[in-house]
Structures are given as C-alpha cells and as structure tokens.
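Residue numbers (our numbering): 204 to 326. C-beta: ideal position from N, C-alpha, C; glycine also. Data first, discussion second: the structure below is written as structure tokens.
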C-alpha cells in the first residue's frame with residue numbers, strides 16, 4: 204500500500220496571509236508618503252539654511268546681499284550655493300540692508316518657506 208501525502212497550503216491559510224499583508228500595506232503606505240513629503244519640506248529648509256551661510260560670506264567680502272536666483276542646472280548666482288533638485292525660488296530680494304527669499308517644492312504642501320535675514324530664520 205502506497206501512502207500519499209499532500210503538501211501545500213489550504214485556501215484559508217492563503218487568504219489569512221493575503222489579509223495580513225493587505226492590512227500591513229494599508230498602514231505602511233500612508234506613513235511612507237508622509238515621510239516622503241517631510242523630506243521634500245526639509246530639503247527646502249536645508250537649502251535656505253545653506254543659502255544664509257553663503258549670503259553672509261558674500262556680504263562680508265562685498266558689503267551687499269544678492270537677490271538669489273536658481274539656474275536650470277541647480278546652480279545659483281550666490282557663490283558656492285547649489286540648489287537641490289525640485290526646489291524653486293519663488294521670489295528673492297537683496298540689498299545692503301538684508302535679503303529675503305521665498306522657496307517651494309512641488310511635493311511639499313506645507314510651503315512655501317520664507318527666509319528673512321532681518322527676522323533671522325525660516326518662517
């Protein structure tokens with residue numbers, strides 16, 4: 204007599220595994236999207252903080268602030284400033300008294316962010 208043993212999973216076991224994966228995905232995907240947006244917003248803030256350092260260095264040597272621009276290749280008219288991918292300069296002013304810049308990113312819903320040298324930080 205030959206004994207046959209069937210190997211495999213039952214339909215119920217497979218459905219339970221699929222349900223667990225679905226629940227985990229429903230929780231993980233929105234969290235991932237939230238973290239992704241936060242990273243785009245932080246990119247703007249990092250670029251503005253970097254610009255502030257470069258503006259102050261430029262001011263020490265030239266006694267004037269520049270109205271910062273963003274070139275298509277990501278470079279700037281402010282020496283040593285490099286903009287991150289996707290960050291847009293919405294408006295910028297600069298003179299002997301200070302500078303202001305408004306920047307945004309298409310994937311950041313919390314922006315645009317403004318840096319005002321007279322206020323001393325990102326608003």
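Check the Cα spacing between residue 298 and each of 305, 323 and 258: the tightest is with 258. Note on residue 247: 16 or more other CB atoms within 10 angstroms of its CB, so buried under the neighbour-count rule.
Taking a cut-off of 8 Å on C-beta distances, the stretch 249-258 touches the stretch 279-298, as three or more cross pairs fall below it. A direct Cα-to-Cα measurement between residue 213 and residue 326 gives close to 58 Å. When beta bridges are read from the DSSP output, residue 318 appears opposite 304 and 325. By the neighbour-count criterion, in which 16 or more other beta carbons inside 10 Å mark a residue as buried, residue 321 falls on the exposed side. Judged by beta-carbon spacing, residue 294 lies beyond the 8 Å limit of residue 272, meaning their Cβ atoms are not closer than that value. Counting C-beta pairs closer than 8 Å gives three or more between the stretch 301-312 and the stretch 234-246, which meets the contact rule. The three-state secondary structure of residue 289, taken from DSSP, is coil.
Sequence-distant Cβ neighbours of residue 270 in its own chain, meaning closer than 6 Å and more than five residues away, are 295, 296 and 297.
Per DSSP, residue 241 is one residue of the alpha helix (DSSP H) stretching across 214-265.
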